Amino acid sequence: MELYRSHVLVCGSTGCVSSDSLKIIDLFNKELEKHGLEKEIKVVQTGCFGLCEAGPIVIVYPEGSFYSQVKLDDVPRITEEHLLKGLIVHDLTYKEPGKKEASDSIDDMGFYKKQQRVALRNCGVIDPEILKEYIAYDGYAALAKVLTKMSPEEVVETIKASGLRGRGGGGFPTGLKWEFTSKAEGDVKYVACNADEGDPGAFMDRSVLEGDPHTLVESMTIAAYAVGANYGFVYVRAEYPIAVKRLQIAIDQARENDLLGEDILGSGFSFDMEIREGAGAFVCGEETALIQSIEGRRGMPKVRPPFPANKGIFDKPTLLNNVETFANINQIILKGADWFAGIGTEKSKGTKVFALGGKINNTGLLEIPMGTTLQETIFEVGGGIPNGKAFKAVQTGGPSGGCIPAEHLDTPIDYENLIALGSMMGSGGMIVMDEDNCMVDVARFFLDFTEEESCGKCTPCREGIKRMHELLDKITEGKGKLQDVDKLETLAKTIKKASLCGLGQTAPNPVLSTIRYFRYEYEAHVNEKMCPAGVCQALLQFLVIPEKCKKCGICAAKCPVNCISGVKGKEVYLIDQAKCIKCGACLEACPFDAIKKG
Amino acid sequence: MKTFAELEAIRKKAQKDVRLRSGSGDVRVVVGMDNCGIEAGARQITIALMDEINKHNLQDVTVTQTECLGACRLEPMLELYEGEKKTTYVKLTPELARQIVTEHLVNGKTLKSQTIGVFER
Amino acid sequence: MITLKINGFEVQVERGATILQAAEKVGIKIPMFCYDERFKPHGSCRICVVEVEGARSLMTACCIPAADGMVVQTESEVVVEARKEILDLILANHPLDCLTCEQAGRCTLQDLCYQYDIEETSYEGARKSYEKDVSNEFYTADQTKCILCGKCVYMCSQVQNTDALCFVDRGFETHIGTPFEQGIAESTCVSCGNCVSVCPVGALMPKRREKYRYWEVEKVQTTCAYCGVGCQMELLVKDNRIVEVLPVKGHCNEGLLCVKGRFSFDFVNHRDRLKKPLIRKNGELEEATWDEAYDLIVSKINEIKESDGPDAISAFSSARGLTEDNYLMTKMMRAVVGTNNVDHCARL
Amino acid sequence: MTNSIADIQTADTMFITGSNTTENHPVIGAQLKGAVKAGKKLIVADPREIEMAEYADVFLKIKPGTSVALHNAMMNVIIQEGLEDKAYIQNTTEGYEEMKKLVEKYTPEYVSEICEVDAEDIRLAAILYGEARTATIIYCMGITQHVTGTESVMTLADMAMLTGNLGKAGGGVNPLRGQNNVQGACDMGALPNVFTGYQKVTDATIVKKFEDAWGVKLSDQPGLTITDTVAAIDDDRVKMLYVFGENPMISDPDTHHVEKALKKAFVVVQDLFLTETAELADVVLPAAAYAEKDGTFVNTERRVQRVRKAVNAPGEAKPDWMIFMEIMNRLGYEKKYSSAEEVFEEIRQVTPQYAGISYQRLENAGIAWPCPTEEHPGTPILHIGKPARGVGLFKAIEFAESGELGDPEYPLVLTTGRILYQYHTRSMTGKTEGINNLAPESYIEINPKLAAKKGIKDGDMIKVKSRRGEVKIKAKVTERVEENVLFIPFHWSEGANVLTNGEEFDQFSKIPGLKVTGINIEKLA
């Protein structure tokens, strides 16, 4: 193997691939050849760097220069200036919002400074399709340790002691799950990985699969050893073709190299696994529905008990964890339970990956220690709200999480705190809303999703979400009454209490939390027939401000439905609200800002 | 792969290949590579350095370039950092570059004749 | 054994018993739409929710195992509120056509709305509307009336094991259909009607030959007259006519019937039934009185016995007749005619 | 059945042979499919690829009439593999060595030629059956309606004894009864050689017992079977025939022969409808249907269950027992019964197996006989502990091919059976419109290869000929049957029994060999 003086890392994850990162790699290789640099500089296709907002991303090592939104045209420049001459191309490196200058190195970036990458440690660092790169970063060392030095019981104890909790939603202690499965009676047991990431906007599982697939292979093997399983399933949604492809490559490589299959590295332990592709129903992220789907049935949740640990896939004891949970395992084994338990809060240990989106500067994937406050996450790692707008709320936990208002921004993030605030950890979605968001509309928006994704099995979820949605429609259309808000609240509570699975039990969270923290906004909709954020179309009013009106008549001329009347030069113009279609043409046309929206 | 020992051996080797991504090592060779340097033959210097370093399998050495080091007349030149210690070699040829590798980096002996101090004197 | 408290009553049950089974033991009734002891518990309808002390959410009595020391309330305020809300939600998506609905009187939704005082839904908004599937010869499937308890699907897939029915689509659009939505006639359906028997509302209904209300009919339990399984069933009778047949739970058929037992009862009421004895006169069969028929038979028997002996008379008894019929037939031949010439079609 | 319906579902392995269970016993079929879904193993042997075959671990698509050879081969493998139950054989059976010696030559390879199935499949089936902790045998007319029917049943019993699967839960040899009360009719001695409860008419003490009970002298000569009767009418030995609830014009083999007999004798028919047979009668008596009378049926698991009156009989129709009583009375036998229950009480007196059963006990649920006393719970599983006859007797039985075959003029094999939607001669099911829409007409199943050879397409009318007669019938081209095997359901008058042989019987039971008929076919122009 040749030694290189520089590595050019290009993100090859779904986001960046869709903005041509693969072509960028090709072009880099061509340019390097042109300059005779191909033996000195290596181009590496990696997984996701997290800051997807800035993609396609190219990082040049050893300097750690972070080039963002790289276009094909930029490649010759970077090659010539940076790779050939060693001159960092400052106008192409990432400039963080609120900073005057671009950072020279990834290590100086605010987005990464507060992060601690455990699950994502290899994402954006290694080429996920090359086993040796994974091995270079301690890959399979944890498996080696487990198989040579630890008993299954010791592995379970280590995971228990680490305090790791399920990263997929409920936050059930992972070690306990492992213990239950290991103690469950059965000649055949399975290990399964939930990679059916259904939350819109969440892509931490995909990132791990695309950026570091071997970590999953290794961790599932460790888990299988701990619980006494010899076969595993990874349930991935078919909408993740790159993830599926890379994971399959990893599985094949592991098999070829005796890291998977019969008698792993001569240890006597055997484990193999396969990928099962799901059709992308949100509810299949629910463990019992996922199991049904793996078995080839319609993915519908089942009543627990029996729990998968006792009766899972094909009624055999099954250990089911999600990708992010598994991605922590190797590190816990290698660095020890104490190291992991040293990170985070009393009840929530380690780090958590969040997918930050919405009204935020640094949209992307970040991994922070548990206990980091919402404030730090949003304003330091996330870079704050764009365009100088005011923060209004953050919704955590995916489409069935709750909205947390500004007064709770100082809350340290952990499982219990989020639940107490009427939200949840979920798989780690984090959507930021600013003053322009109407919270009633936000609640309705999330119900759009859960209504469609309800599996239809149990009454409260199937029928109830629909009715909540209709009530919200009514309110946002200005047809709501105060009783409707109460009705909405009671209905939401019943759905939460009486639904069969996590989907129904959490789907009302956006409604309940917005009523809890933003009741005044609901009341404005029903009492004053107005939307304070100016979002709800039906409640919008365009009004002429008489003091500002210069009686020019431009607005009347632009109005497509001729609902503005007045006499040019003589009379203040007036908008007929009954005829107005709320297109906003007058607002845009008025040269004197004499028309307001409200 | 058949054994855990084999796995460890592969890891040792692989770690060298990715060392760059954790930033520069303790020993850095920085070649002046602005237009002046390139004109003076800095590319050939870099190629020779890389080749020799590869031959000796010196994994802890990072080769980078930088802009004009400020003494164009002495190009091609390089700065060799070992922790805090810095040695500047000037007026290099590919052969000299190779000697710097074998003498300075392998044997730990400064190639006095080409250091900026001696040369300027 | 496990001891728990339900509505203040202490109950002891075997480990593994559900809250529902425990409640039944002390005579506490819990409402349900989707439960059937023959399926794996699936907890879809949620109407059987009860309050379990210390639990985060309400629990479905039909599928949650009783646990030692559990304290359960089956009709507490929160439970009743939840049930009312569920009924309200179901009713919001179910036509209120009880006046003409044929299931009236046998409808669980009707009964529970009565029990919990739900007169009408408090919701307005979308309602489902599907075309009725009338393709099966014996029953109709009206998804507009379906409350999606899933019983028909589980009956078909887990008990009848025919797998003709399945859930289709998701969310509010969920409905019961056949694979690829080809309609029941094109599915693997064998018209056993066992799905129809378990439907708690009027979504799956037998195609009626005549009008009847469930409160008008008299129910008579009997044994099916077709194959040798001996299924137990109820004949529903109105005005001296069988109008429907329903399976009886328990017994060897476990509440199942087949297409013949369930739907092929027309022969009993059939106009072609023999109503009077017939005697062949001049080559034609003509109506006669019983006396005439008996006299002819008796004189013929006596005549042949006289001339050729009793063994010149032979009888075929019937595998479809009663045990008692067969007994008297054999007794008649052996004791009175005087021959063992009696056989039946056991072999055919 | 030796075991109950509920019990056979608990067997680890089920061997279904000669039973199209899902069509002929649909409820049991559904239950057995459920058992397979729950993980039970299933072996199916049948000439047709019936629905149960889809669920089978091993499906043996045997040539019709070769069951004896198959069973011998399975026993050969069981013994070869050492899977026999030595203790059971030692303690409770006799005749083992003889049987063992006989089956030696029935190797899977040898029998694969006879049955036209793969030898490995036979071996696999035998091992599945032999290795199972509990294994049950379920059979129907596909076993019995052969000239070797009784022998075939005997070999099944041999197989159950060989593996100790008799007299235990999950085991047994279980014939499925085709009609609602075949069991009851047999129990009541509607057979020429026995009184109720299988008490032999040739046994003097039994005859004495019945003479005492009934107060008359009785014959100790076995009577005529149905098939004997048809022949006896032919040669003037029988002059009068009383047909109760039967339709031999459709159900009995060789229709032409039956018709001749019915026209010749003085015939009384007692039925619900003017059946094909009643049309030929001299006197027709209107009978009450099952829903119009009280009484009992006995199901296939020997369970006596109540039948209850729900509606009044039409016109002057009467319960059958009442008709028999009135004829008896008119013939000078004065005994009167006021109800079916009173008849049942008399049955209890003369039938040991029924002694403990009463209508009162049957009110809530049926009781499986034997039930000797009022306290006895009934006997869902027979032969527990030891076989009823004391020791189980192994029968060594050679395979013999049906005489129907081998005639070059009739080179094809016709087999018959029932279908889901129709019942017997359709006198009941044929009155339901929906049933007739689903199963409107008779048809013949024919393999695509044979159809192609003969230029027959699906839906074509074809002519089917046997030595007895010919029918015109619609072709249904299907892979369900093998190339040289055809199938016609027997429900229709234009059906199988015009072709079947009424003269070749099983020597023991007198069952005709309905399942094997040599035929030829041709396409109709």
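Protein chains in written order, with this note's numbering: chain A, 183 to 780; chain B, 278 to 398; chain C, 123 to 470; chain D, 1444 to 1968. No residue lacks a Cβ here, since even glycine has one placed at the ideal position from N, Cα and C. Please read these numbers as outputs of a predicted model, since none were measured by experiment.
If you draw a straight line from the Cα of Leu302(A) to the Cα of Arg388(A), it is about 11 angstroms long. Distances from the CA of Ala1478(D) to each of Ala1578(D), Gly1833(D), Ile1493(D) and Ile1521(D) were compared; the closest alpha carbon is that of Ala1578(D). Burial of Tyr1498(D) is indicated by the presence of at least 16 other C-beta atoms within 10 angstroms of its C-beta. For Arg363(C), no Cβ of chain A is located within less than 8 angstroms of the residue's own Cβ. Counting other Cβ atoms within 10 Å of its Cβ, Glu408(C) stays below 16 and is therefore classed as exposed. Distance from the Cα of Glu359(B) is smallest, within the candidate group Glu372(B), Lys368(B) and Gly385(B), for Gly385(B).
For Ile424(A), the enclosing alpha helix (DSSP H) covers residues Pro423 to Glu438.
The Cβ neighbour count for Tyr1685(D), taken over all protein chains shown within 10 Å, is at least 16; the residue is labelled buried. For Ser636(A), the residues of chain C that pass the 9 angstroms Cβ criterion are Arg292, Gly293, Phe294 and Thr296, in the order they occur in the chain. For chain C, the residues of the stretch 1618–1640 of chain D that bring a beta carbon within less than 8 angstroms of one of its beta carbons are Leu1619, Arg1620, Gly1621, Gln1622, Asn1623, Asn1624, Val1625, Gln1626, Gly1627, Ala1628, Cys1629, Asp1630, Met1631, Gly1632, Ala1633, Leu1634, Pro1635, Asn1636, Phe1638 and Thr1639, in chain order.
At a cut-off of 8 angstroms between beta carbons, Cys321(C) makes no contact with chain D. Using a Cβ-Cβ cut-off of 8 angstroms, Tyr245(C) is close to Arg649 and Glu652 of chain A, given in chain order. Residue Leu1728(D) holds the alpha-carbon nearest to the alpha-carbon of Ile1770(D) among Leu1728(D), Gln1748(D), Thr1868(D) and Thr1648(D). One alpha carbon belongs to Val373(A), the other to Lys517(A), and they sit about 23 angstroms apart. Under the Cβ distance rule, Arg644(A) counts among the residues neighbouring chain C, one pair being separated by less than 8 angstroms.
Going by C-alpha positions, Tyr1864(D) is about 16 angstroms away from Ser1462(D). Contact check for Lys1966(D) against Ile1905(D) passes: the beta carbons are separated by less than 8 angstroms. Under the three-state reduction of DSSP output, His590(A) falls in the helix class.
Taking all protein chains in view, the Cβ of Ala1734(D) is crowded by 16 or more other Cβ atoms within 10 Å, so the residue is classified as buried.
Contact between Thr296(C) and Phe302(C) is absent: CB atoms are separated by about 16 angstroms, not below the 8 angstroms threshold. The count of Cβ pairs closer than 8 angstroms, one atom from the stretch 361–372 of chain B and one from the stretch 333–343 of chain B, stays below three, leaving the stretches out of contact. Within the same chain, and ignoring the five residues on either side of Glu414(C) in sequence, the residues whose Cβ sits closer than 8 angstroms to its Cβ are Pro399 and Ile401. Between Ile212(C) and Leu231(C) the beta-carbon gap is near 6 angstroms, inside 8 angstroms, which marks them as a contact. By the neighbour-count criterion, in which a residue is buried when 16 or more other Cβ atoms sit within 10 angstroms of its Cβ, Phe1951(D) is exposed.
Rounded to the nearest whole angstrom, the C-alpha separation of Glu1777(D) and Pro1665(D) is 26 angstroms.
Contact annotation: in the stretch 202–216 of chain C, residues whose CB is within less than 8 angstroms of a CB in chain A are Glu203, Ala204, Glu207, Ile208, Leu211, Ile212, Ala214 and Asn215.
Here His466(C) is buried: its Cβ has 16 or more other Cβ atoms, across all protein chains shown, within 10 Å.
For Lys331(A), the three-state secondary structure derived from DSSP is helix.
The DSSP assignment places complete alpha helix (DSSP H) segments of no fewer than 4 residues inside the stretch 1884–1924 of chain D at 1891–1896, in order along the chain. It is roughly 24 angstroms from the alpha-carbon of Val1741(D) to the alpha-carbon of Val359(C).
At a cut-off of 8 angstroms between beta carbons, Ser309(C) makes no contact with chain D. Flagged as an interface residue toward chain C: Ala680(A), by a C-beta distance shorter than 8 angstroms. Looking at the backbone, the Cα of Ser1801(D) and that of Gly1640(D) are separated by about 16 angstroms.
Distance check between Ile657(A) and each of Arg644(A), Arg649(A), Val622(A) and Cys772(A) places Val622(A) closest, using alpha-carbon atoms only. Cα atoms of Thr1465(D) and Glu425(C): separation of roughly 49 angstroms, rounded to the nearest angstrom. Taking the Cα positions, Cys1814(D) is about 17 angstroms away from Gly1828(D).
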